[in-house]
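**Q**
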Amino acid sequence: MALLEIENLVVEFQTSAGMFRAVDGVSLKVDEREVLAIVGESGSGKSVSMLAVMGLLPWTAKVTADKMAFNGRDLLALSDSERRKIVGKDIAMIFQEPVASLNPCYTVGFQIEEVLRFHLGLGRRERRARAIELLTAVGIPSPAERLSSFPHQMSGGQCQRVMIAMAIACNPKLLIADEPTTALDVTIQKQILDLLVKLQAEHGMGMIMITHNMGVVAETADRVVVQYKGRKMEEADVLTLFENPRSNYTKALLAALPDNATGDRLPTIADYFKDGSEIAGAAVS
């Protein structure tokens, strides 16, 4: 049974010009212990799709799907209180901007312990001990002392490690990583990716890696979903995608990698859509 299964997800937002469809009929699934990458340029609906799963979109958003099931439970049929018991515990998400995602008014220790209090009901001593254990697991030095630090007193890489600690605090079945290395320098990016892969293997989690970086896809994923302008263009295992891409958009993404440059300039997406359509070569599955 799939850990997460989505069929025909549609997300729309009200604008001054009418309803804008940010996600248009996306279907995907992820199994236990599997790493699924969702790849595409900015604005392709990757993050919005997963925020819909988490129930974190604003109330003005219209979310519909033929199916949105987690571990056999229909997420769309759950009440807000029922979903809150799952989100943060069984499904956790790491966001793009670690510093912005942490509350500047509270210490990192308080924020980690709040997750443990709300979802697991642990007492004060148990929460502190678990928080130290989590900071140790994600590689924060002097974890006991760091519990009293505020986010602004930590580097971007350390804040991202704190976010990861909060995400894995309750041993989730599914971890969603939304471009977790975007705001970090290259050296720290590698460390964070290695940490996520290590934790995913150790805890046996399913993981969804949202990214626009094809290098990250190659290093971390088992399967890949390619999105463009809210639609799924292609889905394949990672080796097949790199060796035999089927959609024009996927070919354009791969051709734009510097290592694949063959002339005096990198090709653009428009080079692959020469018939004038925005998504030339219909989406394939």
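Using full-length UniProt numbering, the first residue of the sequence shown is number 1, and each one after it goes up by one. Every residue gets a Cβ at the ideal spot worked out from N, C-alpha and C, and that includes glycine.
Enumerate in chain order the residues of its own chain whose CB-to-CB distance from residue 204 is below 6 angstroms, with the five nearest sequence positions on each side excluded.
**A** So the list reads 33, once near-sequence residues are dropped.
**Q** Taking only runs of the beta strand (DSSP E) that begin and end inside the segment 117 to 202, which ones reach a length of at least 3 residues, in chain order?
**A** Segments of the beta strand (DSSP E) lying fully in the segment 117 to 202: 174 to 178.
**Q** Determine whether the beta carbon atoms of residue 162 and residue 135 lie at a separation below 9 angstroms.
**A** For residue 162 and residue 135, yes; Cβs fall inside 9 angstroms.
**Q** Distance cutoff 9 angstroms, beta carbons only. Does residue 189 sit that close to anything in chain B?
**A** Included in the structure is just one protein chain, with no chain B present.
**Q** Taking the continuous alpha helix (DSSP H) assigned at residue 249, which residues delimit it?
**A** Taken as a continuous stretch (DSSP letters only), the alpha helix (DSSP H) holding residue 249 covers 248 to 255.
**Q** Using a Cβ-Cβ cut-off of 7 angstroms (strictly less than) and excluding sequence neighbours within five positions of residue 171, which residues of its own chain qualify?
**A** So the list reads 203, once near-sequence residues are dropped.
**Q** Quick check on residue 341: buried or exposed, where buried means 16 or more other Cβ atoms within 10 Å of its Cβ?
**A** The first residue shown for the chain is 1 and the last is 285, placing residue 341 beyond what the model contains.
**Q** Ends of the alpha helix (DSSP H) at residue 82?
**A** First-last of the alpha helix (DSSP H) with residue 82: 80 to 86.
**Q** Going by Cα to Cα distance, which pick from 192, 259, 22, 181 is closest to residue 9?
**A** Cα-wise, what sits closest to residue 9 is 22.
**Q** Can you check whether the CB of residue 232 is closer than 9 angstroms to the CB of residue 27?
**A** Yes.
**Q** When burial is assigned at 16 or more other CB atoms within 10 Å of the CB, is residue 152 buried or exposed?
**A** Residue 152 is exposed by the Cβ-count criterion.
**Q** Measuring straight from C-alpha to C-alpha, what distance separates residue 276 and residue 18?
**A** Because the pLDDT at residue 276 is just 49, under 50, the model does not fix this residue reliably, and the value given afterwards should be weighed accordingly. Looking at the two C-alpha atoms, the distance is approximately 25 angstroms.
**Q** Output needed for residue 57: all residues of its chain with C-beta closer than 6 angstroms, excluding positions within five of it in sequence on either side, in chain order.
**A** Excluding positions up to five away in sequence, the list reads 51.
**Q** Please state whether DSSP places residue 27 in a helix, a strand or coil.
**A** Of the three classes helix, strand and coil, the one that applies to residue 27 here is strand, per DSSP.
**Q** Along the chain, where does the alpha helix (DSSP H) containing residue 218 start, and where does it finish?
**A** Unbroken alpha helix (DSSP H) run through residue 218: 214 to 220.
**Q** Given this structure, state the Cα-to-Cα distance separating residue 248 from residue 2, to the nearest angstrom.
**A** Straight-line Cα distance between these residues: approximately 29 angstroms.
**Q** Where residue 7 and residue 49 are concerned, what is the direct C-alpha to C-alpha distance, given to the nearest angstrom?
**A** Rounded to the nearest angstrom, the two C-alpha atoms are 12 angstroms apart.
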